[in-house]
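Protein chains in written order, with this note's numbering: chain A, 1 to 232; chain B, 233 to 478.
Okay, here's the thing in structure tokens:
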């Protein structure tokens, strides 16, 4: 088992885009195992930070049910809503607010569930991205093995150290996606000895496929909604 | 080189600082340290200013009333049909109830005693500011790097991130944006100054002349703006077509 200091140093190489460490990771015979441990270490650290932050956020926020009770009570008193109810006596805000309250309660505790799942999600994301990027890199003339691809792209998860800021409640994480993608680009370039543009496309094919899929799903959902609206 | 010297060198467009950061193996770490310093400075000032304004619930309610009334009065001036005017009149008459709602929500108890949530919220805002700057810088640097390589640039992304971090230095001025009258001019000065540093940094990293470096910095943002306008037009037409068909 590698020491925590070594794993931490590996992961910060991904954060600070240290190209020499990416190259030495390619030649590391235990690249896959070390990569797995790096992603796990970062995932656990972010998960713990996020758990503490989410807990403090819950303790620092008023009960969402009480908030929605006040919002509903005051809205029902406004001339705007009373006028609406005069025109349409069946108009009732209660079902909307019941749904909103349930959603807010779920979101309130959802942060804690997310925090527990973080290491697993990071590992899953790394494996899926690594396999897609490996196939893309090989098809673009790359020479690296799957273990080298995964070992090098694992270092890019060091960008997620930024997410440790979530230990402070109400803190917003930003920049991890772009920094992670730059790390993946450097990792693929090192693992496969690819020229710059080919490494760029290999790094981006996975996210681009994901975006296209999400857009297709979004368009499909919109079409279904429109069809339902026209049918009713 | 201490971070404060890097900061001064960035503001004065000192080419030696740019070249040194481009070639330094720890250039990215030093660039991020600069962003952290500027971000925390701005974050502390802005969150302290926000903390003072939210500490008094009566002031928050008053600010809400002012913003609500101002927004509706602007819409009232732009309203073209009697139906629109009627809706705005009803909304204006709802001001007291909505202000009461804001006041009641602010009075709700939390598990942690009253000043702690406010302090934690201010702390959250302060520590988020460096990440906001970092995120913006990374996006700008990535787009600039792509354009610079297409224009014949020879630099690497690592050097570009390191030197691009210097463009955050002028945003230290954002610490003063809590002064209402100065907010906009200060933001524009910081943004323009940052743009000049990014152009200068791109020229150093990619060994391009200043014309090509300027083009590299502005190319993709301009294309994205044009694309955004076109997309919003298409989306608008789609919404109109949908509204007409339903």
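Using N, Cα and C, we set each Cβ at its ideal position, and we do this for glycine too. Bear in mind that the values here come from a model prediction, so they are computed numbers and not experimental data.
Rank 383/B, 240/B, 358/B by C-alpha distance to the C-alpha of residue 279/B and give the top, closest one. 358/B
Residue 307/B - containing alpha helix (DSSP H), residue span: 289-310
Could you name the residues of chain A that residue 261/B contacts, counting a contact when the two beta carbons are closer than 7 Å? 16
Quick one: which unbroken alpha helix (DSSP H) runs of 4-plus residues sit fully inside the segment 138-198 of chain A? Chain order, please. 146-155, 176-192
Decide if residue 369/B is buried, meaning its Cβ has at least 16 other Cβ atoms within 10 Å, or exposed. buried
Cα separation between residue 126/A and residue 261/B? 24 Å
What is the DSSP secondary structure of residue 421/B, reduced to helix, strand or coil? helix
Considering only residues of the segment 64-127 of chain A, which uninterrupted alpha helix (DSSP H) runs meet the minimum length of 4 residues and lie entirely inside it, listed in chain order? 64-77, 79-87
Going by other Cβ atoms of all chains shown within 10 Å of its Cβ, with 16 needed for buried, is residue 218/A buried or exposed? exposed
Measuring straight from C-alpha to C-alpha, what distance separates residue 450/B and residue 376/B? 8 Å
With a cut-off of 9 Å, does the C-beta of residue 158/A fall near any C-beta of chain B? no
Residue 342/B (DSSP reduced to helix, strand or coil): coil
Does the beta carbon of residue 371/B come closer than 9 Å to any beta carbon on chain A? yes
Which residues, in order along the segment 66-94 of chain A, keep a beta-carbon less than 7 Å from a beta-carbon of chain B? 66, 67, 70, 71, 74, 77, 78, 79, 80, 83
Note down the Cα distance separating residue 175/A from residue 363/B, rounded to an integer number of angstroms. 6 Å
Residue 385/B, DSSP secondary structure in three states: coil
Check the Cβ of residue 19/A against every Cβ in chain B and list those closer than 7 Å, keeping chain order. 390
I want to verify the contact list: residues of chain A whose CB lies under 8 Å from the CB of residue 336/B, in sequence order. 70, 74
Distance, residue 203/A Cα to residue 129/A Cα: 9 Å
Check this for me: beta carbons of residue 381/B and residue 438/B, under 9 Å apart or not? yes
Contact list for the segment 332-358 of chain B against chain A, Cβ threshold 8 Å: 332, 333, 336, 337, 340, 341, 342, 343, 344, 348, 349, 352, 353, 355, 356, 357
Relative to the alpha-carbon of residue 393/B, which residue among 463/B, 267/B, 247/B has its alpha-carbon at the smallest distance? 267/B
Minimum C-alpha distance to residue 95/A - residue among 6/A, 68/A, 84/A: 68/A
Against chain B: residues of the segment 39-70 of chain A by CB proximity under 9 Å: 53, 56, 57, 58, 59, 60, 61, 62, 63, 66, 67, 70
Contact list for residue 234/A against chain B, beta-carbon separation under 9 Å: The question about residue 234/A has no answer, for chain A in this structure spans 1 to 232.
Is it right to say residue 88/A is buried, meaning 16 or more other beta carbons lie within 10 angstroms of its own, or is it exposed? exposed
Please name the residue in 103/A, 160/A, 209/A, 8/A whose C-alpha comes closest to that of residue 132/A. 209/A
Partner residues on chain B for residue 175/A, Cβ-Cβ distance less than 7 Å: 363, 366, 367, 370
Proximity below 9 Å, CB of residue 397/B to CB of residue 263/B: yes
So, is the C-beta of residue 200/A closer than 9 Å to a C-beta in chain B? yes
Taking C-beta to C-beta, are residue 50/A and residue 349/B nearer than 9 Å? no
Check this for me: beta carbons of residue 479/B and residue 372/B, under 9 Å apart or not? Chain B is shown only over 233 to 478; residue 479/B falls outside these bounds and no answer can be derived.
Considering only the beta carbon of each residue, do residue 293/B and residue 335/B sit closer than 9 Å? yes
Excluding the 5 residues flanking residue 247/B on each side, which residues of the same chain have their C-beta closer than 7 Å to its C-beta? 436
Does the beta-carbon distance from residue 106/A to residue 72/A come in below 9 Å? no
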